[in-house]
Amino acid sequence: MMQLKEQIQSDLKNALRARNELEVSTLRMLLASLINKEKERGLEITDEEAQGILLTEVKKRKEAAEAFAKGGREEMAEKERKEMAILQQYLPEQLAEEEVRKLVKEAIAQTGAKTPQDMGRVMAALMPSVKGRADGAFVSALVKELLA
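Numbering-wise, the sequence shown is residues 0 to 147 according to numbering that gives the first Met the number 0.
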């Protein structure tokens with residue numbers, strides 16, 4: 000059940016041996032987030048919950064990289080992008096745009112959605128099948144485009 004966390008711990012040990020400072024700090028931060036969640040709940044987290052935490056951390060890095068780039072701090076933006084790449088190794092393979100588009104069309108047909116006001120129903124039906132495998136903002140934009 001705890002394969003993802005164990006994999007991260009193993010990779011942290013390897014990064015320590017290799018003296019890869021960025022990977023060590025990134026994985027330590029990730030493990031701390033996972034352990035904090037376990038302490039909060041009082042039980043071990045599932046791989047699915049760990050992936051949710053991973054998605055949050057990847058999103059934080061993406062937003063920070065964009066903010067640093069806008070502020071002209073390219074070296075900091077690059078560090079955030081590198082951390083994001085390290086974290087993304089632990090996420091399931093991302094769906095291609097065509098696959099996401101196909102899933103969106105199926106969800107629209109399944110819910111009988113016709114107008115942009117039906118977007119919430121479509122997203123509710125769609126998110127379980129794309130969670131962790133496609134960016135939520137991208138999925139949302141596709142739903143809007145296809146309901147317009």
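Just so you know, even glycine gets a beta-carbon here, dropped at the ideal spot from N, CA and C. Remember, it's a predicted structure, so these values are computed and weren't measured experimentally.
- Shown here, Asp117 sits in a helix according to DSSP, grouped into three states.
- Separation of Ala64 and Met75 (C-alpha to C-alpha, rounded to the nearest whole angstrom) is 7 Å.
- By alpha-carbon distance to Lys104, the top candidate from Arg80, Ala84, Val121, Gly41 is Val121.
- A direct Cα-to-Cα measurement between Leu146 and Lys38 gives close to 42 Å.
- For secondary structure counted as the alpha helix (DSSP H) over 4 or more consecutive residues, the region 90-114 holds these complete runs in sequence order: 96-110.
- Closest in C-alpha terms to Glu56, from the list Leu11, Lys101, Tyr89, Arg72, comes Tyr89.
- With 16 or more other CB atoms across the displayed protein chains lying within 10 angstroms of its CB, Arg60 is buried.
- In the DSSP assignment, Asp46 falls within the alpha helix (DSSP H) that extends over 46-69.
- Residue burial is scored here from C-beta neighbours: Lys69 has fewer than 16 other C-beta atoms within 10 angstroms and is therefore classed as exposed.
- Here Ala147 carries a coil assignment [DSSP, helix/strand/coil].
- In the three-state scheme derived from DSSP, where H, G and I count as helix and E and B as strand, Arg27 is classed as helix.
- Contact check for Met118 against Val138 fails: the beta carbons are separated by 8 Å or more.
- In this structure, DSSP gives Arg16 a helical state, which the three-state scheme calls helix.
- At a Cβ-Cβ threshold of 8 Å, Ala108 and Ala124 do not count as neighbours.
- Comparing alpha-carbon positions, the option among Pro115, Ala140, Leu102, Glu144 lying closest to Pro127 turns out to be Leu102.
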